[in-house]
Each structure stands twice: as structure tokens, then as C-alpha cells.
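Asks: Next up is a structure, given as C-alpha cells.
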Amino acid sequence: VEAGQKRYDIFMMFHRTIDAASYSYTAADKEAATILQEILKNYKAIGSATMTETSALIVNMVEDMGKSRYADAAKTLSLTGTVAKLAEANDEFRELYIERANSLEDSEEMGTMREIRAQVDKAFKLFTQALDVAYASGKLSGDKDVTEAGKLIDRINAIIDQFRRVLSHRGHVTGKKEDNGDDFEPEPPAPLYPIVAIAQQSVESSIRMLLQPANVEAFNQALYPMASSSTLRLWRKGAPEDEFVDFRFSEFQWEGGVAQSMSYTTPDRVNMSNPMESEGPARAEVIKEGETLATLTGLVYPKMRYTPPTD
8 VEAGQKRYDI
18 FMMFHRTIDA
28 ASYSYTAADK
38 EAATILQEIL
48 KNYKAIGSAT
58 MTETSALIVN
68 MVEDMGKSRY
78 ADAAKTLSLT
88 GTVAKLAEAN
98 DEFRELYIER
108 ANSLEDSEEM
118 GTMREIRAQV
128 DKAFKLFTQA
138 LDVAYASGKL
148 SGDKDVTEAG
158 KLIDRINAII
168 DQFRRVLSHR
178 GHVTGKKEDN
188 GDDFEPEPPA
198 PLYPIVAIAQ
208 QSVESSIRML
218 LQPANVEAFN
228 QALYPMASSS
238 TLRLWRKGAP
248 EDEFVDFRFS
258 EFQWEGGVAQ
268 SMSYTTPDRV
278 NMSNPMESEG
288 PARAEVIKEG
298 ETLATLTGLV
308 YPKMRYTPPT
318 D
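Position one of the sequence shown corresponds to residue 8 (the numbering used here), numbered consecutively onward.
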């Protein structure tokens with residue numbers, strides 16, 4: 008999202024410079040602005056299109072800017088460096104987007120934290136049981152030196168005690184440690200919500216928004232069919248927790264019997280710009296009956312307007 012905002016800012020600098028030059032008292036600047044207005048018209052969707060569509064648009068725009076007609080006009084308005092910066096920022100975004108997609112794929116192959124936690128807990132339990140048996144049998148028989156095993160047990164207990172103290176300071180411990188420590192009961196870990204990456208966010212009408220996931224399989228595991236009758240809650244980046252907009256679930260879209268995307272509608276009397284205009288990055292959660300089903304990444308906050316009721 009930050010990389011996308013960076014390239015959008017550069018594009019808007021390009022856009023505003025041309026707008027300003029169209030009012031210039033210098034004939035050459037005014038003529039150059041008129042020529043570059045063709046570029047702005049052809050690529051007006053930059054900023055409102057989805058992130059992946061914006062990448063393709065910028066690639067095409069930079070290629071067009073290499074033509075002598077537009078390159079000369081850009082040179083007149085000292086925009087050659089700005090175009091180069093835009094191409095560089097777009098390349099950075101595309102590389103990051105691919106890297107993030109690979110990272111999400113790797114995470115799915117490794118499994119969720121909930122799955123891994125159960126495996127680790129089981130392995131640790133078996134390890135400590137085996138260590139206790141080795142220490143006890145060696146101690147009872149007297150045939151084996153259990154000094155190193157005892158040191159290892161003390162070391163493990165010391166680490167556990169340290170984490171117990173840290174968690175208690177953070178308010179994550181509900182039980183109290185007695186002298187023998189037997190009835191210490193840590194609070195269960197906080198629930199971990201699935202993270203679903205959204206590849207495309209588009210406006211189908213002034214009240215309906217379509218979300219297409221980057222990974223259909225992960226999307227189905229996290230949200231289908233649970234997201235039916237859910238709420239999509241959006242916050243502007245940096246907004247207080249109580250300043251949000253709730254979109255209502257509309258429907259899933261299928262292809263080949265598999266849910267491929269889902270759509271949400273705006274609250275009553277709220278309309279979005281069509282095509283969509285972004286007001287910057289958004290934080291998003293899918294909520295149902297007061298519980299968070301998943302967090303969504305890659306979304307922007309759409310430009311909206313409220314129409315008050317007439318008397």
C-alpha cells in the first residue's frame with residue numbers, strides 16, 4: 008500500500024504540473040501542457056484503478072512518454088525526471104507485489120500459526136517427557152551421569168520462568184505462580200485471524216464494491232461460506248478505532264463451482280465515485296456477529312459521499 012501511494016503521489020505531481028502549466032503566461036509551456044493533456048486523458052484511470060491495473064497503466068504511460076511528441080513537451084515543463092521517478096516507483100511496487108505474493112504462497116504451504124502451534128506444543132511435550140524419563144532412570148539406577156540432563160532441565164525451567172514474568176507484566180497471565188509453580192495457568196493465546204490479500208478492488212456501481220482475492224484457495228478457506236451476511240469494516244489509514252464505515256455483504260461470485268470473489272454494498276444514502284477514486288490506504292476487517300473472520304490487505308479507502316434525506 009505504501010509503495011502504491013508513493014507512485015500515486017509522483018503521478019499527481021506530474022498531473023498538477025501539467026494543470027498549472029495550462030494556465031501559464033508562457034506560450035511554450037501552455038502548448039506543452041496541451042500536448043500532455045492527451046496523456047492525462049488516456050491514463051485518467053491511474054489512481055482509481057486497482058493496484059495491478061495501475062501497474063500496467065503506468066508501464067504503458069511511460070512507454071508513450073518516450074515518444075518524441077510527449078518527451079519534448081515533458082522536457083519543456085521539466086517533467087523528464089518526474090517520469091523517470093514514476094517508472095522507478097512503479098518497478099519497486101511490482102517487485103514488492105511479486106515478493107508479497109510469493110511470501111503469502113510460502114505461508115500457506117507452511118500452514119497457519121494455529122496449526123503450527125499445536126505441532127510445536129506436542130513436540131515440546133514429548134521432548135520434556137523423554138528428558139524427565141532419562142533423568143529419573145539415570146538417577147534411580149545410579150549407572151548414568153545425569154549432571155548434563157539436570158543442567159538442561161534447569162535451563163528450560165529458567166527460560167519458562169522468564170517468559171512467565173514477561174507475560175505477567177503485559178497482563179497475559181491469569182493464574183498465580185505458587186512456590187512450587189504447579190498451578191500456574193497462562194492465558195490461552197489470543198485468536199489469530201486469517202489474512203486475505205485482495206488483488207483487485209473495483210466499483211461496479213455507486214453502491215457496490217467487488218473484491219477479488221490474490222489467492223482463491225486461501226480466500227475460500229478463510230471466508231467461504233462464513234462471510235455470508237457479514238460486514239466489511241473499513242478505516243482510513245491512521246483513523247481512530249471508532250471511525251469506520253461498514254459495508255454490507257452482497258454476494259459471492261463463482262466460476263467452475265468455486266467462489267472467486269465477493270461484493271459489498273455501501274450503507275444507506277452513501278455513494279461511491281464510479282469509477283472508484285481512492286482516498287488512500289485502508290485497514291479492513293470482515294466481521295460477522297461481532298466476531299472478526301479475517302483481515303484484508305491491499306485495500307484503499309474509496310471516495311464516498313452521503314446524501315441526507317429530504318423533508
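Quick reminder that beta carbons are idealized off the backbone N, C-alpha and C, glycines included.
Relative to the alpha-carbon of Pro220, which residue among Ile166, Phe259, Ala52 has its alpha-carbon at the smallest distance?
Replies: When each option's Cα is compared against that of Pro220, the closest is Phe259.
Asks: Assign Leu239 to buried or exposed, taking buried as 16 or more other Cβ atoms, counted over all protein chains shown, within 10 Å of its Cβ.
Replies: The residue is buried, with at least 16 neighbouring Cβ atoms inside 10 Å.
Asks: Within 10 angstroms of the Cβ of Asn67, are there 16 or more other Cβ atoms? Answer buried if so, exposed if not.
Replies: So Asn67 counts as exposed.
Asks: Where does Thr272 fall in DSSP's three states?
Replies: Residue state, collapsed to three classes: strand.
Asks: On a CA-only basis, which of Ala125, Met20, Ala63 is nearest Pro88? Give me that one, please.
Replies: Sequence inspection shows Gly at residue 88; the Pro mentioned does not correspond to that position. Checked all of Ala125, Met20, Ala63; the closest Cα to Gly88 is Met20.
Asks: If I measure Cβ to Cβ from Glu60 and keep anything under 8 Å in the same chain, skipping five residues before and after, which residues do I get?
Replies: The residues are Ala52, Gln207.
Asks: In the DSSP assignment, what residue or residues form a beta bridge with Ala266?
Replies: Answer by DSSP bridge pairing, in chain order: Trp261.
Asks: If you measure from the CB of Val153, is any heavy atom of the ligand FMN nearer than 6 Å?
Replies: In terms of ligand content, the structure shown is empty, and the ligand FMN therefore cannot be addressed.
Asks: Just curious, the alpha helix (DSSP H) that Gly11 is in, first and last residue?
Replies: Gly11 -> alpha helix (DSSP H) spans 9–28.
Asks: Which two residues bound the contiguous beta strand (DSSP E) that contains Met279?
Replies: Per DSSP, Met279 belongs to the beta strand (DSSP E) from 277–279.
Asks: Nearest-angstrom Cα distance between Val252 and Ala229?
Replies: Near 22 Å, if we compare the C-alpha coordinates of Ala229 and Val252.
Asks: Rounded to whole angstroms, what's the CA-CA distance from Pro315 to Ser270? Just pull it up for me.
Replies: In a straight line, the C-alpha of Pro315 is about 25 Å away from that of Ser270.
Asks: Measure the C-alpha to C-alpha separation of Ser31 and Lys37 and round it to an integer number of angstroms.
Replies: Near 6 Å, if we compare the C-alpha coordinates of Lys37 and Ser31.
Asks: What residue from Lys82, Ile46, Ser213, Ile167 has the CA that sits closest to Thr272's CA?
Replies: For the residues Lys82, Ile46, Ser213, Ile167, the minimum Cα distance to Thr272 belongs to Ser213.
Asks: DSSP three-state call for Tyr50: helix, strand or coil?
Replies: Three-state DSSP puts Tyr50 in coil, outside helix and strand.
Asks: Kindly indicate which residue of Val140, Ser236, Glu286, Ile105 has the alpha-carbon position closest to the one of Leu306.
Replies: Cα-wise, what sits closest to Leu306 is Glu286.
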